[in-house]
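**Student:** Add 4 to a position in the sequence shown, counting from 1, and you land on the number used in the numbering used here.
We treat Cβ as the ideally placed atom computed from N, Cα and C, and that holds for glycine.
The structure presented is a predicted model; accordingly, all values stated were derived computationally and were not measured.
Got a structure for you, written out below as structure tokens; questions coming shortly.
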Amino acid sequence: MQFIVVLRILGVLLMVFSLTFLPPWLVGWMMGDADLVPFETSFFIAFVLGGLLWLPLRTYRRELKLRDGLLIVVSFWVTLGLVGALPIFLQPTLNLSFTQSVFESVSGITTTGSTVLVGLDNLPRSLLFYRQQLQWLGGLGIIVLVVAFMPLLGVGGMQLYKTEISGPMKDNRLSGRISETAKALWIVYAGLTFLCAILYKLEGMSWFDAVGHAFSTISTGGFSTHDDSLGFFHSFSMELTAEIFMVLGATPMALHYLAMRHGSIRAYGKSSEFKFFLMLLGMLFLFIALAILLARPDSEWLWGMRWGLFTLVSMMTTTGFTLTDHTPWPAFLPVLVLATALIGGCAGSTAGGLKTVRMLLLTRQGVNELRKLVHPHAEFVVKLSGRAISPTVISAVWAFFAAYVFVFVVVFFAMMVTGLDAVSAMGAAIATLTSVGPGLGSVTGNFASASSATLWVGTVSMILGRLEIFTVLVLFLPMFWQR
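Below is the structure:
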């Protein structure tokens, strides 16, 4: 373990992150916020802390190993949660505890979207912009952004990139150099964000709301600048735009890049995972539409269809945007659509959950096991987009699935120990582990009334979910720290 390299890179990452306090400060200054000291103080603390780590070690240059990358990523995400909480904790109008501030910060940077804040419409514009920006940076991963400029730091970024990108197969590159791949992904990400913001503006949002909601739509984060989320605008066209870009955010950024580079949508058609993702969305929507039709065969049915489609897309992409009310619909529907977050979006996207590629591989492996019952001596190969998948990858997928279920059960019972009832605990576990945001029961709208213990459990769960569990758990193995 090269602790000097780890500390040096952590210092660089902190200094880079300190710069993210400047755009909210500028927005607040332009929009007349009374107190911008929290952002000035936070910038100073983060930059100085990063500088103190980097300056003494700046001449020490070594290639990162896998274990170094794992430790850097976990350390940085934990540090982000703490340092990112500073502007929230120091905001005099909020009067939040440090625990609540860290929860809000981690929820933003992990694109979860759970919140302890109420009265968003009356909060300072700088703080609202900061929350939206946190999700955008966390969506593709600020580490992937830094990897794009790793050659300037004198270290390779491959280990950081592989640790940060989600999914079971992490070696796919768009370019021979990993820094070029990272740049390509961020160009696509920024381009989609810009297009989404323009459409929101054309549909009637202010520039502030348009940019803020574009940040949280593409990142599948779900934070809003209003308590009523997108339901505040009462606009079908905005909901449709949100649905399209939530799906795009939950699609592998590499697919968007390939489609743009070749000027063709064939890349989407060749992706088994993307087609499986759309198929699941379609099948679930048909089921929800039928359930709503049977429950409300009146004039409310069309509104129910609108609510059902939006909520399904929002939850399965783990965005977490909501419309105003779902009480007229069958009680099982909110539970069902929230449960779809466990599946989540595609690997290599901004969405959370298990990822549809894993569900697809498990499904195909299960079908092969059934075939073996009929033909015991036959050899069946699991394929994805025409390529055979090695047994090693299949074993890793099964291991991840088992670990995910285990962690979910642990978080569920931990939430109950903190005082939540069973329904609320299940909702909180799904909300934080999958990064979907909204829960059930007492945490349906927000976590404002949650205890400190509940918030800390949720904070740990959000980091575990964002880093796909194994990245964190491997640090607890004694062999990880051995030479």
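(1) Within the region 394-436, note down every full alpha helix (DSSP H) run reaching 4 residues or more, in order along the chain.
(2) Which whole-angstrom value describes the C-beta separation of R71 and F484, a residue pair presumed to lie in contact below a C-beta threshold of 8 Å?
(3) When you compare each of M287, A452, A432 to G443 by their alpha carbons, which one comes out closest?
(4) Write down the C-beta distance between L26 and F47 rounded to the nearest angstrom, noting that I regard them as a contact closer than 8 Å.
(5) Identify the continuous alpha helix (DSSP H) that holds V251 and give its terminal residues.
(6) By the three-class DSSP mapping on this structure, what secondary structure does G69 have?
(7) By DSSP, does L388 sit in helix, in strand, or in coil?
(8) To the nearest whole angstrom, what separates the beta carbons of L358 and I347, a pair I think is in contact under 8 Å?
(9) Which one of Q104, F404, V440, E277 has the shortest CA to CA distance from V339?
(10) Output needed for L259: all residues of its chain with C-beta closer than 7 Å, excluding positions within five of it in sequence on either side, in chain order.
(11) Is the CB-CB distance between L468 and V476 below 8 Å?
(12) Use the C-beta contact count for D425: other C-beta atoms within 10 angstroms, 16 or more gives buried, fewer gives exposed.
(13) Leaving aside the five residues before and after P334 along the sequence, list all residues of the same chain whose C-beta is less than 7 Å from its C-beta, in chain order.
(14) In angstroms, rounded to a whole number, what distance separates the CA positions of L18 and H230?
(15) Pop quiz: Q104 and V120 are said to be a contact at Cβ under 8 Å. What is the actual Cβ separation, rounded to whole angstroms?
(16) For Y408, count neighbouring C-beta atoms within 10 Å of its own C-beta (all shown protein chains included) and say buried if the count is 16 or more, exposed if not.
(17) Buried or exposed, going by whether 16 or more other CB atoms sit within 10 Å of the CB of D125?
(18) Using only alpha-carbon positions, find the residue among L56, P482, D39 that is nearest to P91.
(19) Just to check my reading of the structure: G112 and F236 have Cβ atoms closer than 8 Å, yes? What is that Cβ distance to the nearest angstrom?
(20) Taking C-alpha atoms, which residue in V122, G286, E304, G324 lies nearest to T221?
(21) Do you know how far the Cα of M242 is from the Cα of S210?
(22) When you compare only the Cα positions, how much space is there between A392 and V386?
(23) Suppose contacts are defined by Cβ-Cβ distances below 8 Å. Is M257 in contact with G352 by that definition?
(24) Measuring straight from C-alpha to C-alpha, what distance separates Q163 and W460?
(25) Which stretch, first to last residue, makes up the alpha helix (DSSP H) that contains T367?
(26) Determine whether the beta carbon atoms of Q136 and G36 lie at a separation below 8 Å.
(27) Any idea what DSSP makes of L481, helix, strand or coil?
(28) Please classify G15: is it buried, with 16 or more other beta-carbons within 10 angstroms of its beta-carbon, or exposed?
(29) I'd like the span of the alpha helix (DSSP H) that includes Y64, first residue to last.
(30) Please say whether F280 and T224 have beta carbons closer to each other than 8 Å?
(31) Tell me the rounded alpha-carbon separation between A218 and L86.
(32) Nearest by alpha-carbon distance to A355: which of T116, T45, Y64 is it?
(33) May I ask you to report which of helix, strand or coil DSSP gives L471?
**Tutor:** Taking the geometry as given:
(1) With a minimum length of 4 residues, the continuous alpha helix (DSSP H) runs that stay inside the region 394-436 are 395-421.
(2) Mapped onto the sequence shown, residue 71 falls at position 67. Mapped onto the sequence shown, residue 484 falls at position 480. Rounded, the Cβ-Cβ distance is 6 Å, consistent with contact.
(3) Reading the sequence shown from its first residue, position 439 is the one you call residue 443. With distances taken between Cα atoms, G443 lies closest to A432.
(4) Your numbering for residue 26 matches position 22 in the sequence shown. Your numbering for residue 47 matches position 43 in the sequence shown. Contact holds; Cβ gap of about 7 Å.
(5) Taking the sequence shown and counting its residues from 1, the one referred to as residue 251 is at position 247. Its alpha helix (DSSP H) spans residues 240-253.
(6) Along the sequence shown, one-based indexing puts residue 69 at 65. Sequence inspection shows Lys at residue 69; the Gly mentioned does not correspond to that position. Look at K69 here: in three-state DSSP terms it is coil, with no helix or strand label.
(7) For this step, residue 388 is matched to residue 384 along the sequence shown. L388 falls in the strand class under three-state DSSP.
(8) Residue numbering aside, residue 358 sits at position 354 when the sequence shown is read from its first letter. Residue numbering aside, residue 347 sits at position 343 when the sequence shown is read from its first letter. Contact annotation, L358 with I347: C-beta distance approximately 6 Å; criterion of less than 8 Å satisfied.
(9) Position 335 of the sequence shown, counted from the start, is the residue given in the question as residue 339. Checked all of Q104, F404, V440, E277; the closest Cα to V339 is V440.
(10) For this step, residue 259 is matched to residue 255 along the sequence shown. The residues are A271, Y272, S275, F278.
(11) Reading the sequence shown from its first residue, position 464 is the one you call residue 468. Reading the sequence shown from its first residue, position 472 is the one you call residue 476. In this structure, V476 lies closer than 8 Å to L468 by Cβ.
(12) As a first step, residue 425 must be located in the sequence shown, where it is residue number 421. The residue in question, D425, is exposed, as its Cβ has fewer than 16 Cβ neighbours within 10 Å.
(13) If you number the sequence shown from 1, residue 334 lands on position 330. The residues A295, A299, in chain order, have a CB closer than 7 Å to that of P334 in the same chain once the five nearest residues on each side in sequence are set aside.
(14) The residue given as residue 18 occupies position 14 in the sequence shown. The residue given as residue 230 occupies position 226 in the sequence shown. Going by the C-alpha atoms only, they are around 30 Å apart.
(15) Within the sequence shown, the letter at position 100 stands for residue 104. Within the sequence shown, the letter at position 116 stands for residue 120. Q104 to V120, Cβ: 5 Å. Contact.
(16) The residue you call residue 408 lines up with position 404 of the sequence shown. Under this definition Y408 is a buried residue.
(17) Your numbering for residue 125 matches position 121 in the sequence shown. Residue environment for D125: exposed (fewer than 16 other C-beta atoms within 10 angstroms of its C-beta).
(18) Taking the sequence shown and counting its residues from 1, the one referred to as residue 91 is at position 87. Of the listed residues, the one whose Cα sits closest to P91 is D39.
(19) If you number the sequence shown from 1, residue 112 lands on position 108. If you number the sequence shown from 1, residue 236 lands on position 232. F236 and G112 do not touch by the CB rule: their CB atoms are close to 19 Å apart, not below 8 Å.
(20) Your numbering for residue 221 matches position 217 in the sequence shown. Restricting attention to V122, G286, E304, G324, the CA atom closest to the CA of T221 is found in G324.
(21) Along the sequence shown, one-based indexing puts residue 210 at 206. Along the sequence shown, one-based indexing puts residue 242 at 238. In this structure, the alpha-carbon of S210 lies about 13 Å from that of M242.
(22) Numbered from 1 along the sequence shown, position 388 holds the residue referred to as residue 392. Numbered from 1 along the sequence shown, position 382 holds the residue referred to as residue 386. As the crow flies, the alpha-carbon of A392 is around 6 Å from that of V386.
(23) Position 253 of the sequence shown, counted from the start, is the residue given in the question as residue 257. Position 348 of the sequence shown, counted from the start, is the residue given in the question as residue 352. Result yes, Cβ atoms of M257 and G352 sit closer than 8 Å.
(24) On the sequence shown, residue 163 is found 159 positions in, with the first residue counted as 1. On the sequence shown, residue 460 is found 456 positions in, with the first residue counted as 1. Only weak support is given to the placement of Q163: the predicted model assigns it a pLDDT of 49, under 50, and the question is left unresolved by the model.
(25) Looking up residue 367 in the sequence shown gives position 363. Residues 360-378.
(26) If you number the sequence shown from 1, residue 136 lands on position 132. If you number the sequence shown from 1, residue 36 lands on position 32. Contact flag unset, no.
(27) Along the sequence shown, read from residue 1 onward, the residue named residue 481 stands at position 477. Correct three-state label for L481: coil.
(28) What you label residue 15 is simply residue 11 of the sequence shown in a count that begins at 1. By the 10 Å Cβ count, G15 comes out buried.
(29) Here residue 64 refers to the residue found at position 60 of the sequence shown. Run containing Y64: none; DSSP gives neither H nor E here.
(30) Indexing the sequence shown from 1 puts residue 224 at position 220. Indexing the sequence shown from 1 puts residue 280 at position 276. Taking 8 Å as the cut-off, the beta carbon of T224 is found no closer than this to the beta carbon of F280.
(31) If you number the sequence shown from 1, residue 218 lands on position 214. If you number the sequence shown from 1, residue 86 lands on position 82. When rounded, the distance between both Cα atoms is 25 Å.
(32) Residue numbering aside, residue 355 sits at position 351 when the sequence shown is read from its first letter. It is T116.
(33) If you number the sequence shown from 1, residue 471 lands on position 467. In the structure shown, L471 adopts coil according to DSSP, grouped into three states.
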